[in-house]
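Accompanying notes for the structure given below.
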Amino acid sequence: MQFCDGTNWISITGSSSGAAGVMDDNKGGLTVSGSGAMWTINSASIQYSKIQNVSGSSLLGRYAATSGLTTSSGSVQTGHAGSSGTIIVIELP
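In terms of our numbering, the sequence shown has 13 at position 8, counting the first letter as 1, and numbering is strictly consecutive.
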C-alpha cells in the first residue's frame with residue numbers, strides 16, 4: 006500500500022494487525038501510533054479536490070454560522086452588484 010505526503014509516494018508495509026513494518030511517527034499527512042495499530046489522517050491533509058470532482062458551477066460552503074461539515078449547494082450563478090465589488094450568489098433549482 007502507498008500514500009502520498011503531498012509530494013512523494015511512500016510505501017507502507019506490515020501485517021494487518023500492525024504488528025510489524027510501520028513505526029510510530031508523523032508520516033506527513035498521516036500519523037502512525039500504537040505500534041502501527043492506529044493510523045490518523047492529519048488535519049488539513051486532504052483537500053476537497055482530492056475527495057470529489059465537481060462538474061459545472063458549484064458553491065462549497067455552510068449555511069449555519071457554526072463549525073461543521075461543508076456542503077456543495079449545486080448549481081450557482083454569480084455576479085457583481087455595481088461598482089461596490091459585492092458578489093451576488095444565486096442558487097439555481
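Positions of the beta carbon are idealized from the N, C-alpha and C atoms, including for glycine.
All values reported here derive from a predicted model rather than from experimental measurement.
Nearest CA to the CA of Gly11: which residue from Val27, Met28, Trp44 and Ser54?
Counting from 1 along the sequence shown, the entry for residue 11 is found at position 6. Here the closest residue by C-alpha is Ser54.
In this structure, does DSSP put His54 in helix, strand or coil?
For the purposes of this step, residue 54 is taken as residue 49 along the sequence shown, with counting starting at 1. Checking the displayed sequence, the identity of residue 54 turns out to be Ser instead of His. Note: Ser54 maps to helix in three-state DSSP.
Could you give the DSSP three-state label for Thr76: helix, strand or coil?
Taking the sequence shown and counting its residues from 1, the one referred to as residue 76 is at position 71. In this structure, Thr76 counts as strand in the three-state DSSP scheme.
Taking Gly33 as the reference, give the member of Phe8, Ser77 and Ala42 with the closest Cα.
As a first step, residue 33 must be located in the sequence shown, where it is residue number 28. Selected option, being the one with the closest Cα: Phe8.
What's the C-alpha gap between Gly23 and Ile56?
Walking along the sequence shown from the start, residue 23 turns up at place 18. Walking along the sequence shown from the start, residue 56 turns up at place 51. A caution first: Gly23 carries a pLDDT of 46, below 50, which makes its placement in the model unreliable, though a value can still be read off. So the alpha carbons of these two residues sit roughly 26 Å apart.
Could you tell me the boundaries of the beta strand (DSSP E) in which Ser38 lies?
Position 33 of the sequence shown holds residue 38. Per DSSP, Ser38 belongs to the beta strand (DSSP E) from Leu35 to Ser38.
Using the Cα positions of Leu35 and Asn13, report the straight-line distance between them to the nearest angstrom.
What you label residue 35 is simply residue 30 of the sequence shown in a count that begins at 1. What you label residue 13 is simply residue 8 of the sequence shown in a count that begins at 1. So the alpha carbons of these two residues sit roughly 13 Å apart.
What does a CB cutoff of less than 6 Å around Ser38 pick up in its chain, not counting 5 residues either side in sequence?
As a first step, residue 38 is located in the sequence shown; it is residue number 33 there, counting from the start. Once the five neighbours on either side are set aside, the close Cβ partners of Ser38 are Asp29.
Give the straight-line distance between the Cα atoms of Met6 and Ile15, rounded to the nearest whole angstrom.
Taking the sequence shown and counting its residues from 1, the one referred to as residue 6 is at position 1. Taking the sequence shown and counting its residues from 1, the one referred to as residue 15 is at position 10. Looking at the two C-alpha atoms, the distance is approximately 9 Å.
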